[in-house]
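Under this note's numbering, the first residue of the sequence shown is numbered 270, with each subsequent residue one higher.
Even glycine gets a Cβ: it sits at the ideal position worked out from N, Cα and C.
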Amino acid sequence: MAKPADTRTAGRKPVAKATRSAAETEKIRAALAARRDELTAEYDQTLSEITELQRDRLTDSAGDDQADTGTKTFEREQEISLANSIKERITQVERALERLDEGGYGWCERCGNPIPVERLAAFPSATLCVTCKQLEERR
Numbered sequence: 270m271a272k273p274a275d276t277r278t279a280g281r282k283p284v285a286k287a288t289r290s291a292a293e294t295e296k297i298r299a300a301l302a303a304r305r306d307e308l309t310a311e312y313d314q315t316l317s318e319i320t321e322l323q324r325d326r327l328t329d330s331a332g333d334d335q336a337d338t339g340t341k342t343f344e345r346e347q348e349i350s351l352a353n354s355i356k357e358r359i360t361q362v363e364r365a366l367e368r369l370d371e372g373g374y375g376w377c378e379r380c381g382n383p384i385p386v387e388r389l390a391a392f393p394s395a396t397l398c399v400t401c402k403q404l405e406e407r408r
C-alpha cells in the first residue's frame with residue numbers, strides 16, 4: 270500500500286538555507302566538541318563509580334535478605350540508566366557535529382525551517398524546531 274503524502278510539508282516551498290561563515294561554524298563546532306568532551310568525562314566517571322560500587326556491593330553482601338538484594342538491584346539499575354542517558358546525550362552531540370559537517374545543523378529535520386537560535390543555545394543538539402517538537406510530544 271502506498272504511503273500517504275505528508276500534508277504538513279506538501280505544497281511548501283523549501284526554505285533556502287543560509288550559509289554560515291567559517292568562523293561561525295568553527296565556533297559552533299568548538300562548543301559542540303567541548304560539550305561532547307564534558308559528557309564523555311562524565312560518562313567515564315559514572316562508569317568508574319558504578320564499577321567501584323559493584324565491587325563494594327559484592328564484598329558487603331553477607332547476611333543480605335531479599336529486601337537488601339532488591340534495593341541493591343534497584344540502585345544498580347538506576348546507575349546504569351544514568352550512564353545510558355549520558356551515552357545518549359553524547360550520541361546526540363555527535364549527530365549534531367555530523368549535521369554541522371553536512372550543512373544541516375540548525376535546520377529542522379522534519380519541516381526544513383530554521384531552528385531558532387534561542388533553542389539551539391538551550392539545546393545545541395536539537396534536530397527539530399519548536400513547532401515540530403511540540404507536535405512530536407503530543408503523539
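| Query | Result |
| --- | --- |
| Proximity below 8 Å, CB of Gly373 to CB of Pro383 | no |
| Whole-angstrom distance between Asp325 and Phe343, CA atom to CA atom | 15 Å |
| Residue from Ala395, Leu327, Cys401 and Glu307 with nearest C-alpha to Ile355 | Glu307 |
| Trp376 beta carbon near the ligand FAD (any heavy atom closer than 7 Å) | By its list of ligands, the structure shown contains no ligand whatsoever, and the ligand FAD lies outside what it can speak to. |
| Expected contact under 8 Å - CB spacing of Arg298 and Leu369 to nearest Å | 6 Å |
| Residue from Glu321, Ser290 and Arg358 whose Cα sits closest to the Cα of Glu311 | Arg358 |
| Residues near Arg388 in its chain [Cβ-Cβ closer than 8 Å; skip 5 each side] | Ala395, Cys398 and Val399 |
| Where the alpha helix (DSSP H) through Ile297 begins and ends | Ala291 to Thr328 |
| Option in Thr320, Cys401, Thr315 and Thr360 with minimal Cα separation from Gly381 | Cys401 |
| Buried or exposed (CB count within 10 angstroms, at least 16 for buried), Leu366 | buried |
| For Arg379, the nearest candidate out of Arg364, Leu404, Gln361 and Glu371 (CA to CA) | Leu404 |
| Alpha carbon of Ile319 to alpha carbon of Ala292, nearest angstrom | 40 Å |
| Thr328 beta carbon less than 8 Å from that of Leu351 | no |
| CB contact flag (Leu301, Val386, <8 Å) | no |
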